[in-house]
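**Student:** In the working numbering, the protein residues as written are 1 to 485.
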Amino acid sequence: MENNTNTNNQGCSYHSILKYTGLFGGVQVINILVSLVRNKLVAVILGPNGFGFISLLNSTIKVLSDSTNFGIPFSAVRQVSDFYEQKDEAKVRHYIKVVRCWSLLVACLGAFLCVVMAPLLNDWTFNWGDHTKHFMMLAPVVFFTAIIGGELAILKGTRRLRVLAQISVINVVMALFISIPLFYYYGQKGIVPSMNLVALASFVVTAAFSYRFYPVVRSNEKFFADGMEMIKIGIFFTLAGIGGSCAEMIIKTYLNNAASLDIVGLYNAGYMICVTYAGMVFAAMETDYFPRLSAVHRDIERMNMTINHQIEVSLLIVGPMLVALVIFLPIVIPILFSGKFVEVVPMAQIAILAMFLHAVDLPVEYLPLAKGDSVTYLTVELIYDVVFVFLLIFGYQQWGLVGTGIALLVAHVLNCVGIVIYYSWRYKVRLSRRVGLIFSLLTTLGALAYAFTLCLSGVAYWMLGSLLLVVSVILAVALFKRYNK
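#1: Pull up the distance between the alpha-carbon of V487 and that of N58, whole angstroms please.
#2: For T404, report the span of its alpha helix (DSSP H) as first-last.
#3: With I311 and V413 assumed to form a contact (beta carbons below 8 Å), what rounded beta-carbon distance in angstroms separates them?
#4: Assuming D262 is part of the alpha helix (DSSP H), what are its boundary residues?
#5: Look up K156 in the DSSP assignment and say whether it is helix, strand or coil.
#6: Out of V42, M347, L475, L409, which one is the CA nearest neighbour of Y185?
#7: In this structure, how does DSSP classify L467 when only helix, strand and coil are distinguished?
#8: Which residue marks the beginning of the alpha helix (DSSP H) containing L448, and which one marks its end?
#9: Buried or exposed for G339, going by 16 or more other Cβ atoms inside 10 Å?
#10: Considering just the uninterrupted stretch of the alpha helix (DSSP H) at V106, what are its terminal residues?
#11: Can you give the Cα-Cα distance for N6 and V477, rounded to whole angstroms?
#12: Express the C-alpha separation of V142 and R218 in angstroms, rounding to a whole number.
#13: Which stretch, first to last residue, makes up the alpha helix (DSSP H) that contains P330?
#14: Within its chain, find whatever has a CB closer than 6 Å to the CB of K62; leave out the 5 residues flanking it on each side and keep chain order.
#15: Go ahead and pull the three-state DSSP assignment for D373.
#16: Let's test the definition: count the other Cβ atoms within 10 Å of the Cβ of R212 and tell me whether it reaches 16, buried, or not, exposed.
#17: Grouping DSSP H, G and I as helix and E and B as strand, with all else coil, what is Y136?
#18: Comparing C-alpha positions only, which one of Y422, V323, L316 sits nearest to V364?
#19: Need the endpoints of the alpha helix (DSSP H) that L176 sits in, please.
#20: Does the separation of the CB atoms of G150 and I250 fall below 8 Å?
#21: For F177, which of A201, V192, V163, Y289 has the nearest alpha-carbon?
#22: Assign M463 to one of two classes, buried (16 or more other C-beta atoms within 10 Å of its C-beta) or exposed (fewer than that).
#23: Expressed to the nearest angstrom, what Euclidean distance is found between the alpha-carbon atoms of H297 and L382?
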């Protein structure tokens with residue numbers, strides 16, 4: 001039996017996880033609801049073709065941003081937070097100037113490369129038409145993305161959590177009201193202008209909040225050398241981000257060239273359902289879980305307790321939601337997008353099962369970052385990216401769009417098993433029997449839900465599927481109450 005200390009620690013851990021999951025998960029719910037409205041209108045107005053075009057441009061922006069921001073949105077949080085915890089206001093304000101100086105430098109670099117590399121980006125991404133001007137016109141988006149990343153890092157480092165939540169909601173609402181009228185009146189010609197206007201509006205909102213707490217002050221101080229430590233910390237995180245962004249871009253470019261832009265749009269819609277929407281449960285990890293894990297990473301017992309508690313709560317929250325998605329996707333997809341996207345339902349239903357594994361491997365994946373073992377983090381992330389790209393290409397060649405869902409599931413199985421085994425050896429990670437029990441029960445219900453999609457139809461499907469959802473909710477609530485005493 002666990003002693004009282006462990007029980008108390010568990011209770012505190014559960015409370016902390018729920019508190020921040022509630023705050024940022026709630027914000028994610030609002031953002032997702034607004035995004036659902038936006039995606040629905042985009043799907044109706046532009047169709048799969050326009051949806052795919054937006055996806056390719058967004059992937060390009062992400063690659064350029066991740067390649068040129070030197071990890072500042074991540075590493076600056078840690079640096080600013082250190083001085084903030086020391087209550088050294090002078091150092092906090094000085095380092096904020098350092099972050100802003102470097103953010104401006106990398107913003108200019110990113111925008112410059114976007115213009116210079118536009119012909120290459122066009123050749124790599126499209127096999128029809130000349131979209132060089134489109135890529136050149138994305139330079140302001142890359143610029144503002146870098147500036148915004150620096151300001152958000154400042155707010156995270158100084159614990160302005162409610163402000164971050166407000167910014168997130170305002171930005172997603174503005175994106176809706178800016179982009180949809182342009183899409184409606186100009187069709188695909190309005191895509192690039194809308195992206196620039198949304199980026200500008202997001203910068204104005206973010207800067208307005210950030211500058212209110214920490215106004216911009218002119219100074220003759222030299223900031224370049226002071227920022228080098230921040231860059232060193234962030235470089236491995238940047239390389240991992242580049243790997244992920246490149247993998248995403250390679251996949252979408254392959255689907256565009258091997259199939260069509262419609263397939264890219266369908267794949268992106270399925271991916272959003274599986275990873276983005278289901279992933280709202282994991283939104284609080286960087287803000288709450290990562291600092292807690294960093295604080296206890298030297299104590300193996302407390303480290304394992306922290307990891308196991310995070311996995312348990314994540315599974316109990318996400319499990320019923322995933323069962324609901326698998327069962328009700330035939331209804332959800334036309335509502336979220338349009339009838340033109342029903343082809344993606346089989347792909348998304350099998351890919352959703354990967355999120356059960358993601359609830360296990362994601363908390364463990366933060367451990368190298370908490371320990372400062374950047375090389376291990378980078379290596380593991382790059383291996384996953386390479387394996388996923390090859391699996392997806394193979395899956396699509398063999399089974400079409402459904403094969404991409406199978407690839408996503410298999411990639412997460414391999415990733416989860418590999419991480420648990422390797423980190424058990426390297427860091428003495430030990431998953432508890434309770435994690436094994438919760439995972440087994442909830443994934444069994446998820447697998448049954450998917451089996452229903454293959455074997456049942458009509459009234460039997462909806463009745464048994466709804467019953468299975470009720471069972472998953474009751475089970476999750478019962479387990480949560482049992483372990484949160």
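Beta carbons: idealized from backbone N, C-alpha and C, even for Gly. Here the structure is a predicted model, which is why all the values come from computation and not from measurement.
**Tutor:** In terms of the structure at hand:
#1: No information on residue 487 is available, as it lies outside the stretch 1 to 485 that the chain covers here.
#2: As a first step, residue 404 must be located in the sequence shown, where it is residue number 404. DSSP places T404 in the uninterrupted alpha helix (DSSP H) bounded by 401-427.
#3: On the sequence shown, position 311 is the one that residue 311 refers to. On the sequence shown, position 413 is the one that residue 413 refers to. I311 to V413, Cβ: 16 Å. No contact.
#4: The sequence position of residue 262 within the sequence shown is 262, counting from 1. Taken as a continuous stretch (DSSP letters only), the alpha helix (DSSP H) holding D262 covers 261-271.
#5: Within the sequence shown, the letter at position 156 stands for residue 156. Three-state result, K156: helix.
#6: The residue you call residue 185 lines up with position 185 of the sequence shown. Minimum Cα distance to Y185 is reached at V42.
#7: What you label residue 467 is simply residue 467 of the sequence shown in a count that begins at 1. Of the three classes helix, strand and coil, the one that applies to L467 here is helix, per DSSP.
#8: In the sequence shown, residue 448 corresponds to position 448, counting from 1. Segment 433-455, the alpha helix (DSSP H) holding L448.
#9: Reading the sequence shown from its first residue, position 339 is the one you call residue 339. Residue burial annotation: G339 is exposed, with fewer than 16 other C-beta atoms found within 10 angstroms of its C-beta.
#10: Here residue 106 is taken as the residue at index 106 of the sequence shown, counted from 1. Counting along the chain, the alpha helix (DSSP H) containing V106 begins and ends at 89-116.
#11: Stepping through the sequence shown from its first residue, residue 6 is reached at position 6. Stepping through the sequence shown from its first residue, residue 477 is reached at position 477. At N6 the pLDDT is 42, less than 50, meaning the model places this residue with poor confidence; the figure from the coordinates comes in the next sentence. When rounded, the distance between both Cα atoms is 21 Å.
#12: What you label residue 218 is simply residue 218 of the sequence shown in a count that begins at 1. What you label residue 142 is simply residue 142 of the sequence shown in a count that begins at 1. Straight-line spacing of the CA atoms in R218 and V142 works out to 25 Å.
#13: Along the sequence shown, read from residue 1 onward, the residue named residue 330 stands at position 330. Note, P330: alpha helix (DSSP H), 300-336.
#14: The residue you call residue 62 lines up with position 62 of the sequence shown. Contacts found: S245.
#15: Numbered from 1 along the sequence shown, position 373 holds the residue referred to as residue 373. Three-state DSSP puts D373 in coil, outside helix and strand.
#16: Walking along the sequence shown from the start, residue 212 turns up at place 212. Exposed, by the Cβ-count rule.
#17: Stepping through the sequence shown from its first residue, residue 136 is reached at position 136. The sequence shown places Met at residue 136, rather than the Tyr named in the question. Helix at M136.
#18: Within the sequence shown, residue 364 is the residue found at index 364, counting from 1. Nearest C-alpha to V364: Y422.
#19: By 1-based counting over the sequence shown, the position of residue 176 is 176. Unbroken alpha helix (DSSP H) run through L176: 161-186.
#20: As a working note, residue 150 is residue 150 in the sequence shown. As a working note, residue 250 is residue 250 in the sequence shown. Not closer than 8 Å, so no.
#21: By 1-based counting over the sequence shown, the position of residue 177 is 177. Restricting attention to A201, V192, V163, Y289, the CA atom closest to the CA of F177 is found in A201.
#22: Counted from its first residue, the sequence shown places residue 463 at position 463. Exposed: under 16 other Cβ atoms inside 10 Å.
#23: Along the sequence shown, one-based indexing puts residue 297 at 297. Along the sequence shown, one-based indexing puts residue 382 at 382. Distance from the CA of H297 to the CA of L382, rounded to the nearest whole angstrom, comes to 23 Å.
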